[in-house]
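This report concerns only the one structure given below.
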Amino acid sequence: MRFFVLVIAVLIPNWVGASDFRPVQQRSEFVGLTLGKSLKAFAVTLQVTSEGAIRGRALGRRVDGEWVWRDGFFCREMTAGSTEYTEDCQVVLFDGQGTLRFIAERGAGDQVDLKLSTH
Numbered sequence: 075m076r077f078f079v080l081v082i083a084v085l086i087p088n089w090v091g092a093s094d095f096r097p098v099q100q101r102s103e104f105v106g107l108t109l110g111k112s113l114k115a116f117a118v119t120l121q122v123t124s125e126g127a128i129r130g131r132a133l134g135r136r137v138d139g140e141w142v143w144r145d146g147f148f149c150r151e152m153t154a155g156s157t158e159y160t161e162d163c164q165v166v167l168f169d170g171q172g173t174l175r176f177i178a179e180r181g182a183g184d185q186v187d188l189k190l191s192t193h
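With the first letter of the sequence shown counted as 1, position 113 gets the number 187 in our numbering; the numbers rise by one all the way through.
In structure tokens, the structure reads:
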């Protein structure tokens, strides 16, 4: 039994937060990571273009919007179906393995992880 507890104690830290996220601080880095790729999560597929457009689908609804890089933040406005989302500047983090984490309200709000995909 002690061995089982030890194994769990060693493995859990590797599962929880297994990826080390680091800040994406420059627009050029963000564009380099997302160019030609989709951002995906459950029922969400988005594309962000280097020209500042956001397109895709979320929970069956069409998503359209615009983004700019301002003061180290990804700032976006968008609509999903009939719902409008006013400008929100977000912290962007990258885990080095294909996941971007967006944290709303300049890093003080909710977060979402989106996988970079070439499909």
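For glycine and all other residues, C-beta sits at the position ideal for the given N, C-alpha and C.
- Tell me where the alpha helix (DSSP H) around glycine 130 begins and ends. Note, glycine 130: premise wrong, no alpha helix (DSSP H); beta strand (DSSP E) at 127-132.
- Check each candidate in Val122, Ala117, Thr157 and Pro97 and name the one with the smallest Cα separation from valine 105. Val122
- Task: Classify leucine 109 as buried or exposed, calling it buried when 16 or more other Cβ atoms lie within 10 Å of its own Cβ.
- Result: exposed
- State the Cα-Cα distance for the pair aspartate 187 and glycine 170, rounded to the nearest angstrom. 13 Å
- Query: Nearest-angstrom Cα distance between glutamate 125 and glutamate 140?
  - Reply: 9 Å
- Taking just the CA atoms, how far does phenylalanine 176 sit from lysine 189? 11 Å
- Message: Using C-beta distances below 7 Å, list every residue in its chain close to arginine 135, excluding the 5 sequence neighbours before and after it, in chain order.
- Response: Ala154 and Gly155
- Message: So, at 7 Å on beta carbons, what are the nonlocal neighbours of phenylalanine 168 in its own chain, with the 5 sequence-adjacent residues on each side left out?
- Response: Phe95, Arg96, Val98, Leu107 and Leu174
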